[in-house]
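Colleague: Got a structure here, written out as structure tokens. Questions coming.
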Amino acid sequence: MPRKGHLRFTSLRAKLGAAALGGLVTTAVLTGLVLMTAHAATEVVQTARMTHDRVRVFTQLQTAARAYQNASYQHVREPGIKARRAVSESRTRFENLLSEAERLPVINGREANVAKVVRRQGNLVLEHFTNPERLVESVDEKWHEGGSRAALQQVNKISQPIFALQDTLQGEIRRGDWTVAEATRNAQSLTGSAVIGALVGLALALAFSLVVHLLLHLRLRPGLRQLEEGAQAFGAGQLAHRIRLGGEDELGRLACAFDTMADTISHSQHELRAIQAGLEQAVAASTAELRQVNAELSAADECRRAFLADVSHELRTPLTVIRGEAQVALRLADRPRFDPRETFDRILSQTEDLSRMVDDLFLIARAQAGGLPLELCEFDLQEIAERVAGDFENLASEGGGSIRAQPGGPVFARVDEDRLRRALAALIENSLRHCPAGVNIALEVSVRRGWASIAVSDDGPGLDFAQAQELFHRFRRGESRGEGSGLGLSLVNALVEAHGGTTSIDAAPMGGTRVTMRLPVDAIRREAA
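According to the working numbering, the sequence shown is numbered sequentially starting from 1.
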């Protein structure tokens, strides 16, 4: 027997400890290899991206220099407004690209010197073409004095600033191409290294797994077989079965604990059967009630899941935009000429859209739950329709369309004016958003058999009216797929239902879509127009 204080390798703890240590070492080595490969790959990608930016800017700058030269000479030969505009545009583009080249990030002294040289040579080009007429005159003078050879020499002489800049840019472009090619070779080399590392790691993992499997199988097989047989027998209802596995290791103690548990469970089983009989009687008495409650809970849970799915789907896009803008701002924050105001404006716009969406969802939820407070007073629905149409008159006119309320006499009903105006505004905004420019919108108020109706019609392209009622659900949109949140018609339906009314959608006489809100009225006074 081993001396006291020495851990036997036949112990389950020793084997599991060795397995855990080996797995930890293997994982650490493979993780280190992966991190090193990922770091090197990141550097290769960054180098390729920066080089690509430099080559792109230098190529565009070279093209802009030639365009500026050609435009300047063309202006001398064929002066005019068009030629002068071409010179101005080409010079502006050249200056912008020159500034962009100066702002390119540099990683060493050579690139810093190149940036200075490009700026100096670019300034010489700008200064050189300040008076293109004089350059052309000098070439003409050489032509008259010495013929075409002398003129050609003069052209080469006066083009030295352009040639110098082009030589510098060509050199940087060739160097960039070489750098990109080198980065590509490095990336391919890293890929090969990663594959080799993965194969080596797989081989080590297989070898380690084989060793551990042999050790555990030879040591634990008899004990595990008896434990398995005991568990199966106990699970089959043979509560009198006992394992009785000897030994002082963990398996022996586990078998002893299993037998003790079996004794306790066997004793408790008899008590549980008696309790079960009483519980079955109590459960049978309340089964109908539980089924009803369960059905209600299932329906509520299904509504909750659908609502959460809709909300998560619709909030994903603005949240992704906000996160993207924030990440860009964080990456560019250290740059001296970075102006974060445009980024913050976009983030603010997205948060305002989110706020409006949450407000609409909250309003719809309260209305559908019957908890939306209404300040009901008697109002003239015709007057409300005319005022809302007037609010949107300028907006419709800007798009080349129109909006008007059909003339008619007063129609009085008890409504919440603010809620009703919001519903009308949502319908008009839907027509303006989802119809082409120049849409014509009409509002018509009528009353029939104790119901007041307000119809909003347009002459847009219409929609599939077979599925029109689906549009009253949250986040449903028609085929136009405008920029709205998909809550407009759902909000209108919720507000109308809060008044005890109904909403319907059908084809408009104008050829587009008509949405009709029907509101109950207690007393109506229809007067002549």
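Glycine included, each C-beta is placed from N, C-alpha and C at the ideal position.
Identify, in the order they occur along the chain, each residue of the same chain with its Cβ nearer than 7 Å to the Cβ of A389, setting aside the five sequence neighbours on each side.
Modeller: Within the sequence shown, residue 389 is the residue found at index 389, counting from 1. Taken in chain order, the residues that qualify are I403, R404, A405, L443.
Colleague: Using only CA atoms, which one of T31, L206, T59 lies nearest to L97?
Modeller: Numbered from its first residue, the sequence shown carries residue 97 at position 97. Minimum Cα distance to L97 is reached at T59.
Colleague: Helix, strand or coil: how does DSSP classify F208 here?
Modeller: In the sequence shown, residue 208 corresponds to position 208, counting from 1. DSSP places F208 in helix when its eight states are reduced to three.
Colleague: Are the CB atoms of A385 and V447 within a distance shorter than 8 Å?
Modeller: Here the question's residue 447 lines up with position 447 in the sequence shown. Here the question's residue 385 lines up with position 385 in the sequence shown. No, they are not a contact pair.
Colleague: Please state the DSSP three-state secondary structure of H36.
Modeller: Here residue 36 is taken as the residue at index 36 of the sequence shown, counted from 1. First, the residue type needs correcting, since residue 36 is Met and not His in the sequence shown. Of the three classes helix, strand and coil, the one that applies to M36 here is helix, per DSSP.
Colleague: Is the separation between the beta-carbon of P79 and that of H128 shorter than 8 Å?
Modeller: Residue 79 sits at position 79 when you count from the first residue of the sequence shown. Residue 128 sits at position 128 when you count from the first residue of the sequence shown. Cβ distance not < 8 Å, so P79 and H128 don't count as in contact.
Colleague: If I'm right that A183 touches A48 with Cβ under 8 Å, what's the distance once you round it to whole angstroms?
Modeller: For this step, residue 183 is matched to residue 183 along the sequence shown. For this step, residue 48 is matched to residue 48 along the sequence shown. Indeed they touch by this definition, with Cβ atoms about 4 Å apart.
Colleague: Using the three-state DSSP reduction, which class does F412 fall into: helix, strand or coil?
Modeller: Locating residue 412 in the sequence shown gives position 412, where the first residue counts as 1. DSSP places F412 in strand when its eight states are reduced to three.
Colleague: Determine the contact status of R536 and A64, defining contact as a CB-CB distance below 8 Å.
Modeller: Given a span of 1 to 529 for the chain in the structure shown, any question on residue 536 remains unanswerable.
Colleague: What is the DSSP secondary structure of N394, reduced to helix, strand or coil?
Modeller: Residue 394 sits at position 394 when you count from the first residue of the sequence shown. If DSSP states are grouped into helix, strand and coil, N394 belongs with the helices.
Colleague: For H75, count neighbouring Cβ atoms within 10 angstroms of its own Cβ and tell me buried if that reaches 16, exposed if not.
Modeller: The sequence position of residue 75 within the sequence shown is 75, counting from 1. It is buried - the Cβ of H75 has at least 16 other Cβ atoms within 10 Å.
Colleague: Compute the Euclidean distance between the alpha carbons of A203 and F163, then round it to the nearest angstrom.
Modeller: One-based indexing of the sequence shown puts residue 203 at position 203. One-based indexing of the sequence shown puts residue 163 at position 163. Rounded to the nearest angstrom, the two C-alpha atoms are 60 Å apart.
Colleague: Check whether the region 284 to 292 touches the region 259 to 276, taking contact to mean three or more Cβ pairs, one atom from each stretch, closer than 8 Å.
Modeller: They do not touch, by the three-pair rule.
Colleague: With A333 as the anchor, note down where its alpha helix (DSSP H) starts and where it stops.
Modeller: Working through the sequence shown from its first residue, we reach residue 333 at position 333. A333 -> no alpha helix (DSSP H), and no H or E assigned at all.
Colleague: In the DSSP output, what is C377 paired with across the bridge?
Modeller: Working through the sequence shown from its first residue, we reach residue 377 at position 377. Looking at the DSSP assignment, C377 forms a beta bridge with V415.
Colleague: Excluding the five sequence neighbours on either side, which residues of its own chain have a C-beta within less than 7 Å of the C-beta of R3, listed in chain order?
Modeller: Locating residue 3 in the sequence shown gives position 3, where the first residue counts as 1. Since pLDDT at R3 reaches only 45, below the 50 mark, its modelled position is unreliable, and the value read off the structure follows with that caveat. No residues qualify anywhere along the chain.
Colleague: Quick one, which of F234, Q276, G278, A277 has its alpha-carbon nearest D259's?
Modeller: For the purposes of this step, residue 259 is taken as residue 259 along the sequence shown, with counting starting at 1. Cα-wise, what sits closest to D259 is F234.
Colleague: Going by beta carbon distance, what residues of the same chain come within less than 6 Å of L332, once the five residues before and after it are set aside?
Modeller: Numbered from 1 along the sequence shown, position 332 holds the residue referred to as residue 332. Once the five neighbours on either side are set aside, the close Cβ partners of L332 are F338.
Colleague: Give the range of the beta strand (DSSP E) segment to which S90 is assigned.
Modeller: What you label residue 90 is simply residue 90 of the sequence shown in a count that begins at 1. Here S90 belongs to no beta strand (DSSP E); instead the alpha helix (DSSP H) covers 81 to 102.
Colleague: Could you tell me if D458 is buried or exposed, where buried requires 16 or more neighbouring beta carbons within 10 angstroms of its beta carbon?
Modeller: By one-based count along the sequence shown, residue 458 stands at place 458. By the 10 Å Cβ count, D458 comes out buried.
Colleague: Name the one or two DSSP bridge partners that V515 has.
Modeller: Translated into positions along the sequence shown, residue 515 becomes position 515. Looking at the DSSP assignment, V515 forms a beta bridge with V456, I505.
Colleague: Should M261 go down as buried or exposed, given a rule of 16 or more other Cβ atoms within 10 Å for buried?
Modeller: Your numbering for residue 261 matches position 261 in the sequence shown. Classification of M261: exposed, given that the 10 Å Cβ count is below 16.
Colleague: Here's a check: name, in chain order, each residue in its chain whose Cβ is nearer than 7 Å to the Cβ of L420, leaving out the five neighbours to either side.
Modeller: Working through the sequence shown from its first residue, we reach residue 420 at position 420. Hits under 7 Å: I384.
Colleague: Hey, how far is the Cα of T320 from the Cα of E228?
Modeller: The residue you call residue 320 lines up with position 320 of the sequence shown. The residue you call residue 228 lines up with position 228 of the sequence shown. Their backbone Cα atoms lie some 52 Å apart in a straight line.
Colleague: Per DSSP, what kind of secondary structure is A405 in: helix, strand or coil?
Modeller: Translated into positions along the sequence shown, residue 405 becomes position 405. Correct three-state label for A405: strand.
Colleague: Mind checking whether A437 and G400 have CB atoms under 8 Å apart?
Modeller: In the sequence shown, the residue the question calls residue 437 occupies position 437. In the sequence shown, the residue the question calls residue 400 occupies position 400. Yes, the pair counts as a contact, with Cβ atoms nearer than the cut-off.
Colleague: Helix, strand or coil: which one does DSSP assign to R448?
Modeller: Position 448 of the sequence shown, counting from 1, holds the residue named residue 448. Three-state DSSP puts R448 in a strand.
Colleague: Provide the residue(s) that pair with I441 in DSSP beta bridges, ordered along the chain.
Modeller: For the purposes of this step, residue 441 is taken as residue 441 along the sequence shown, with counting starting at 1. Paired residues: I403, D458.
Colleague: Which residues does DSSP pair with P520 in a beta bridge?
Modeller: Translated into the one-based positions of the sequence shown, residue 520 becomes position 520. Note: P520 sits in a beta bridge opposite W451.
Colleague: Rounded to a whole number of angstroms, what is the C-alpha to C-alpha distance between S148 and M50?
Modeller: Your numbering for residue 148 matches position 148 in the sequence shown. Your numbering for residue 50 matches position 50 in the sequence shown. Using only the alpha carbons, I get a separation of about 45 Å.
Colleague: Quick one: using the 10 Å Cβ neighbour count with 16 as the cut-off for buried, is T168 buried or exposed?
Modeller: The residue labelled residue 168 in the question sits at position 168 within the sequence shown. Buried.
Colleague: For the candidate residues S504, Q281, V57, whose alpha-carbon lies nearest to that of G176?
Modeller: Start at 1 with the first residue of the sequence shown, and residue 176 comes out as number 176. It is V57 whose Cα lies nearest to the Cα of G176.
Colleague: Going by C-alpha to C-alpha distance, which of A255, G462, C377, R242 sits closest to V521?
Modeller: Taking the sequence shown and counting its residues from 1, one reaches residue 521 at position 521. Per the Cα distances, C377.
Colleague: Between L372 and A274, which are expected to be in contact by the criterion C-beta below 8 Å, what is the C-beta distance as a whole number of angstroms?
Modeller: In the sequence shown, counting from the first residue as 1, residue 372 sits at position 372. In the sequence shown, counting from the first residue as 1, residue 274 sits at position 274. Rounded, the Cβ-Cβ distance is 54 Å, inconsistent with contact.
Colleague: At the level of alpha carbons, what is the spacing between L224 and A194?
Modeller: Position 224 of the sequence shown, counted from the first residue, corresponds to residue 224. Position 194 of the sequence shown, counted from the first residue, corresponds to residue 194. Looking at the two C-alpha atoms, the distance is approximately 40 Å.
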